[in-house]
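Chains A and B supply the protein sequences, listed in that same order. For reference, each letter of the first sequence is one residue, going 13 to 378 in the numbering used here. For reference, each letter of the second sequence is one residue, going 19 to 306 in the numbering used here. Ideal placement from N, C-alpha and C gives every residue a C-beta, glycine not left out.
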Amino acid sequence: MSIYERGITRGDLLKAGGAGALGLVAARPAFAGLARAESTTLNWLTWSDHYANDQLKAVAKSIGIQGRPTLFSDNADAYLKIKRTGSQFDIVSGDALWVPKYHKDGLTESFDLSALPVSKQLFSIARSFPFWQDGSNYMGYPFSWSTVQIYYNPKYVTTKPDSWHALLDKKYQGKISLENIPTDVMAIAARATGAKKPYSMTTAEISKAKDFLKAFKPNVLKLASQNNEVVRALADGSAWIGITNLGTDDRVKDAGGPVIKTAYPKEGTIGFIDSEQMVKASKNKAVFEKFINTTEQAPWIAQNFLTNGRPLFNEKAWKMLVNQGHGDRAKRLLYNQPQKALKMTIKGPAGNEQAYVDAFNEALGA
Amino acid sequence: MGARRFAVGEYLGFAPALILYGAFFAVPLSIVVAYSFWKVRDYNVVHEWTIDNYRYFFSVPTYVRTMWATVWVAVLSTALTIAVAFPFAYWLVRHVPRRLQRTLLVLVILPFWTSYLLRVYSWLNILGPSGAINRFLQWTHVTSSPVSFFLYDRPAVVLVLVYLYFPFAALTLYASLERFDWDQFKAAMDLGARPATAMRKILLPQIRPGITTAVIFVFIPILGEYLAPQLVGGTRGIMIGNLIVNFFSGAEYTRGAAASLLIAALIVVLLVVFRRSLEIKDPYASGR
């Protein structure tokens with residue numbers, strides 16, 4: 013019987029498997045050393061609009077640090093991922109008041125912002141947000157900001173909806189799209205119903221906000237998992253109204269959609285101020301600053317603005333946009349007015365997250 | 019002679035299976051069960067035992083309503099999937115030359131070569147206002163402007179689910195029909211049975227395990243679906259999976275765990291029921 017004719021016994025298979033596994037374990041340090049010598053990979057928990065693939069490729073090529081993004085939608089989700097995964101992530105993006113929450117709970121580490129040459133490109137106000145200061149250090153690298161307002165298609169919405177309550181009108185049944193972020197949708201309902209602190213509502217205020225959402229539900233076409241779905245719904249005409257970030261009108265136009273107008277609700281609104289934070293348990297903290305210093309350069313930020321259409325904090329990018337002939341668009345989208353970011357109700361952790369999610373589900377379930 | 023001594027060596031062969039089962043099923047499931055009886059306080063899971071998560075689920079009509087809606091969508095989608103897959107598998111076995119059967123089966127599973135997300139997204143391009151159906155209706159002057167009826171409601175969810183799970187049902191039913199002894203079917207016809215009677219009394223009892231397996235493969239995953247309803251169902255097509263996702267994305271792990279286990283419990287009950295259908299003792303109920 014030749015070796016080819018002899019069948020493999022279970023014992024042979026186990027022995028071969030065991031030997032292979034041992035070989036891989038033994039060889040791992042050698043390969044890991046080789047990989048490290050060539051490049052470092054930074055695992056980045058972020059939103060899809062914080063980077064572009066060509067940007068990551070170019071950064072990897074120039075400094076040998078590869079950013080590997082993993083996406084999330086809700087700050088609470090990202091917070092828990094960082095809390096539970098320890099050193100698996102190196103950078104995490106976070107919203108306004110979530111940043112001090114991360115820091116207070118020992119999940120992120122502050123750094124000397126002025127030590128990053130790229131920080132000189134930022135608007136001065138972005139370097140001094142009081143809620144991100146940790147002594148002389150800063151808790152996150154400022155990235156972008158936006159109010160969340162109403163966008164509407166004037167072909168169908170003839171009266172400007174300048175109040176959250178205008179969205180309860182029955183003529184908009186199944187015609188409104190917004191992102192599925194329970195805490196933020198509850199905060200919008202809080203603004204609509206006059207709660208004093210949208211992210212720290214009392215039980216009575218939560219109840220009023222829930223009633224508002226119940227009345228609002230028939231008009232909701234879909235709760236989108238990502239912002240680009242809202243843009244798509246406005247572009248293809250299935251939604252007449254979108255509750256979303258600055259710049260949606262341009263993105264809808266870019267997607268071949270109709271002219272979309274904006275309305276700022278008189279009750280006020282919420283908004284975000286994004287940052288990149290250094291994860292405390294990261295094993296690659298030494299290269300965080302180098303990576304940020306390269307990815308946040310003005311040309312990339314200007315490109316990001318043109319793609320995603322909401323203001324960012326890089327002042328040099330603003331000047332570039334003006335020089336490139338995009339000044340009107342940037343001005344219209346408040347790029348040169350970063351101080352407005354502090355006028356909105358900024359996003360943060362809910363005082364009672366469970367009550368927020370419960371109320372959201374109860375209002376918007378079947 | 020006394021009881022034979024317990025020999026460890028005899029059971030050692032089970033060790034890999036036990037380790038695999040324990041590490042990838044029993045331990046994770048136990049963790050989910052434990053979570054469902056704990057609390058969340060300030061984004062931290064607190065190990066204080068409570069049944070509040072279960073009580074909450076049953077005390078809020080929205081969840082019970084959504085659960086029922088989910089079961090109905092799953093029942094309807096499964097019935098339609100089987101109704102479409104059965105004639106297809108029958109046609110394949112009975113009327114397609116054997117050499118072509120394999121090719122057609124490969125075509126059935128071809129969609130699996132693309133991502134699940136992409137397959138659901140493609141329906142947005144078919145059912146949406148600027149999608150293929152609306153364009154066709156406008157081109158044929160049946161409608162003058164896009165109709166929004168096709169998307170963002172339960173019918174769209176059911177349609178997409180039928181499309182997604184059709185291959186599972188078709189392959190299972192094909193395997194079952196291919197093994198069936200068609201001479202018995204012919205014999206029944208020779209003895210005067212009508213085709214429908216022969217199918218009901220001869221074919222269906224013998225392929226019952228195949229039908230049951232197809233139902234299990236389709237019905238159970240649909241109960242946990244959340245992406246298809248999220249993308250094509252809108253707020254009118256919400257299923258229980260969507261509410262569970264909200265719990266998890268809002269860091270409410272304990273509530274999410276309880277709701278997930280309630281679905282799992284429903285599935286276990288259904289599997290016990292289905293298990294009986296998988297056993298064929300006397301398909302013709304001859305009483306002997």
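Alpha carbon of residue i to alpha carbon of residue j, nearest angstrom
{"i": "Leu376/A", "j": "Ala207/A", "result": "20 angstroms"}
{"i": "Pro97/B", "j": "Pro227/B", "result": "Residue identity differs from the one stated: residue 97/B is Ala in this sequence, not Pro. Going by the C-alpha atoms only, they are around 16 angstroms apart."}
{"i": "Val176/B", "j": "Tyr74/B", "result": "29 angstroms"}
{"i": "Tyr164/A", "j": "Thr205/A", "result": "21 angstroms"}
{"i": "Val58/B", "j": "Thr272/B", "result": "7 angstroms"}
{"i": "Leu119/A", "j": "Ile94/A", "result": "7 angstroms"}
{"i": "Val64/B", "j": "Trp56/B", "result": "6 angstroms"}
{"i": "Ala178/A", "j": "Leu110/B", "result": "56 angstroms"}
{"i": "Lys343/A", "j": "Trp56/A", "result": "30 angstroms"}
{"i": "Phe317/A", "j": "Ala103/B", "result": "49 angstroms"}
{"i": "Ile162/A", "j": "Ser156/A", "result": "19 angstroms"}
{"i": "Val369/A", "j": "Ile285/B", "result": "26 angstroms"}
{"i": "Thr82/A", "j": "Glu217/A", "result": "35 angstroms"}
{"i": "Ala42/A", "j": "Thr52/A", "result": "Per-residue confidence for Ala42/A stands at a pLDDT of 49, beneath the threshold of 50, marking its modelled position as unreliable; the derived number appears in the next sentence. Approximately 15 angstroms, taken between the alpha carbons."}
{"i": "Ala246/B", "j": "Ala298/A", "result": "42 angstroms"}
{"i": "Ala101/B", "j": "Leu221/B", "result": "15 angstroms"}
{"i": "Gln119/B", "j": "Ala314/A", "result": "56 angstroms"}
{"i": "Gln224/B", "j": "Phe198/B", "result": "7 angstroms"}
{"i": "Trp266/B", "j": "Ile137/A", "result": "The amino acid occupying residue 266/B in the given sequence is Phe; Trp does not appear at that position. Cα to Cα, Phe266/B sits roughly 35 angstroms from Ile137/A."}
{"i": "Lys265/A", "j": "Asn143/B", "result": "19 angstroms"}
{"i": "Ala293/A", "j": "Glu121/A", "result": "9 angstroms"}
{"i": "Tyr181/B", "j": "Thr99/B", "result": "8 angstroms"}
{"i": "Gly19/A", "j": "Tyr244/B", "result": "A caution first: Gly19/A carries a pLDDT of 46, below 50, which makes its placement in the model too unreliable to give a value."}
{"i": "Ser166/B", "j": "Ile151/B", "result": "11 angstroms"}
{"i": "Ala52/B", "j": "Val45/B", "result": "10 angstroms"}
{"i": "Phe17/B", "j": "Glu66/B", "result": "Since the first residue shown for chain B is 19 and the last is 306, residue 17/B is missing from the structure and cannot be characterised."}
{"i": "Thr58/A", "j": "Lys359/A", "result": "16 angstroms"}
{"i": "Trp330/A", "j": "Arg203/A", "result": "31 angstroms"}
{"i": "Ile75/A", "j": "Gly321/A", "result": "28 angstroms"}
{"i": "Tyr29/B", "j": "Leu123/B", "result": "41 angstroms"}
CB of residue i within 9 angstroms of CB of residue j, strictly
{"i": "Val85/B", "j": "Ile238/B", "result": "Just to set this straight, residue 85/B is Met in the shown sequence, not Val. No, they are not a contact pair."}
{"i": "Phe93/B", "j": "Ala174/B", "result": "Here residue 93/B is Val; the residue named in the question, Phe, does not match the sequence. No. Outside cutoff."}
{"i": "Leu241/B", "j": "Val89/B", "result": "yes"}
{"i": "Ile258/B", "j": "Ala275/B", "result": "no"}
{"i": "Ser189/A", "j": "Leu235/A", "result": "yes"}
{"i": "Ala221/A", "j": "Leu233/A", "result": "no"}
{"i": "Tyr153/A", "j": "Gln289/A", "result": "yes"}
{"i": "Leu261/B", "j": "Ser54/B", "result": "no"}
{"i": "Pro185/B", "j": "Pro164/B", "result": "no"}
{"i": "Tyr61/B", "j": "Leu109/A", "result": "no"}
{"i": "Val160/A", "j": "Ile200/A", "result": "yes"}
{"i": "Ala247/A", "j": "Leu180/A", "result": "no"}
{"i": "Leu354/A", "j": "Phe141/A", "result": "yes"}
{"i": "Thr161/B", "j": "Lys229/A", "result": "no"}
Beta-carbon separation (whole angstroms), residue i vs residue j, contact threshold 8 angstroms
{"i": "Phe106/B", "j": "Ala188/B", "result": "6 angstroms"}
{"i": "Gly186/A", "j": "Asn231/A", "result": "7 angstroms"}
{"i": "Pro311/A", "j": "Met332/A", "result": "7 angstroms"}
{"i": "Ile253/A", "j": "Pro173/A", "result": "7 angstroms"}
{"i": "Gly106/A", "j": "Ser237/A", "result": "In fact, because the Cβ distance is near 19 angstroms, the residues do not count as touching under 8 angstroms."}
{"i": "Leu169/B", "j": "Leu145/B", "result": "4 angstroms"}
{"i": "Lys167/A", "j": "Pro270/A", "result": "6 angstroms"}
{"i": "Gly268/B", "j": "Asp223/A", "result": "About 20 angstroms; that fails the 8 angstroms criterion."}
{"i": "Leu134/A", "j": "Asp102/A", "result": "So it is not a contact: roughly 22 angstroms between Cβ atoms."}
{"i": "Asn71/B", "j": "Phe372/A", "result": "Contact flag wrong, Cβ pair sits at about 17 angstroms."}
{"i": "Val233/B", "j": "Tyr183/B", "result": "About 10 angstroms separates the two Cβ atoms, so there is no contact after all."}
{"i": "Ala251/A", "j": "Ala87/B", "result": "The Cβ separation is near 23 angstroms, so there is no contact."}
Would you check if the segment 119-137 of chain B and the segment 211-227 of chain B touch, i.e. whether three or more CB-CB distances between them fall below 8 angstroms?
No, the segment 211-227 of chain B does not touch the segment 119-137 of chain B.
Counting Cβ pairs closer than 8 angstroms, one from the segment 265-281 of chain A and one from the segment 293-306 of chain A, do we hit at least three?
No, the segment 265-281 of chain A does not touch the segment 293-306 of chain A.
Only counting runs of 3 or more residues, tell me where the beta strand (DSSP E) segments fall wholly within the segment 152-229 of chain A, in order along the chain.
Runs found: 153-164, 188-191.
Three Cβ pairs or more, each shorter than 8 angstroms: is that satisfied between the segment 57-70 of chain A and the segment 114-129 of chain A?
No, the segment 57-70 of chain A is not in contact with the segment 114-129 of chain A.
Secondary structure, beta strand (DSSP E): runs of 3+ residues fully inside the segment 212-259 of chain B:
Counting only runs of 3 or more, we get nothing.
Is there contact between the segment 356-374 of chain A and the segment 186-199 of chain A, where contact requires at least three CB pairs shorter than 8 angstroms?
Proximity of the segment 356-374 of chain A to the segment 186-199 of chain A meets the contact definition, three or more beta-carbon pairs being nearer than 8 angstroms.
Quick check: the segment 124-140 of chain A against the segment 233-244 of chain A, are at least 3 beta-carbon pairs closer than 8 angstroms?
They do not touch, by the three-pair rule.
Pick out the complete beta strand (DSSP E) segments inside the segment 31-76 of chain B, 3 residues or longer, and give them in chain order.
Runs of the beta strand (DSSP E) inside the segment 31-76 of chain B: 57-59, 62-64.
Would you mind listing the alpha helix (DSSP H) stretches within the segment 130-173 of chain B that are 4+ residues and don't spill past its ends, in chain order?
For the segment 130-173 of chain B, whole alpha helix (DSSP H) runs of length 4 or above, ordered along the chain, are 134-145, 150-157.
Jot down the residue ranges of each uninterrupted alpha helix (DSSP H) in the segment 259-290 of chain A, minimum 4 residues, whole runs only, in chain order.
Fully enclosed alpha helix (DSSP H) runs of no fewer than 4 residues occupy 260-266 of the segment 259-290 of chain A, in order along the chain.
If you scan the segment 110-158 of chain A from start to end, which runs of the alpha helix (DSSP H) of 4 or more residues do you find wholly inside it?
Positions of the alpha helix (DSSP H) runs, each at least 4 residues long and wholly inside the segment 110-158 of chain A, are given as 110-116 in order along the chain.
Inside the segment 280-353 of chain A only - alpha helix (DSSP H) runs reaching at least 4 residues
Given a length threshold of 4 residues, each whole run of the alpha helix (DSSP H) inside the segment 280-353 of chain A is given here in chain order: 300-307, 310-320, 327-335, 339-344.
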